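Chemist: Numbering (my numbering), first residue to last: 108 to 205.
The beta carbon of each residue, even a glycine, is placed where N, CA and C say it ideally should be.
Here the structure is a predicted model, which is why all the values come from computation and not from measurement.
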């Protein structure tokens with residue numbers, strides 16, 4: 108599964124340029140863009156300041172496709188923005204931006 112905070116138009120361009128859509132080495136179940144994300148309000152660490160940001164709620168995938176038995180026990184959310192893990196902290200693996 109690929110889930111990007113980008114619009115579908117640019118996500119498709121990125122995946123095509125990387126050769127991932129046509130390559131037999133990659134097999135995606137599906138691809139999600141920013142339209143499947145929603146906003147939440149979080150508090151910054153060490154302060155009481157709040158901010159609004161988008162999140163990738165993995166629960167959508169887990170509930171929509173129960174036949175695959177995806178869950179918080181077998182899902183790794185790889186992202187360069189740790190705020191995207193807000194609803195699934197235990198699944199997050201932060202990496203450097205591509």
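Using a Cβ-Cβ cutoff of less than 8 angstroms, which residues in the same chain neighbour residue 200 once the five nearest sequence positions on both sides are dropped?
Modeler: So the qualifying residues of the chain are 183, 184, 185 and 186.
Chemist: How would you call residue 92, buried or exposed, if buried means at least 16 neighbouring beta carbons within 10 angstroms?
Modeler: Within the shown structure, residues of the chain are numbered from 108 to 205, placing residue 92 beyond reach of any answer.
Chemist: Which residues does DSSP pair with residue 159 in a beta bridge?
Modeler: Residue 159 pairs with 148.
Chemist: Would residue 148 and residue 162 qualify as a contact pair, given that the criterion is a beta-carbon distance under 8 angstroms?
Modeler: It is not a contact, given that the beta carbons lie outside the stated cut-off.
Chemist: To the nearest angstrom, how far is the alpha carbon of residue 181 from that of residue 168?
Modeler: Between residue 181 and residue 168, the C-alpha separation is close to 12 angstroms.
Chemist: Across which residues does DSSP place residue 139 in a beta bridge pair?
Modeler: Beta-bridge pairing links residue 139 to 110.
Chemist: Please determine, among 138, 166, 172 and 179, the residue with the shortest C-alpha to C-alpha distance to residue 117.
Modeler: Here the closest residue by C-alpha is 138.
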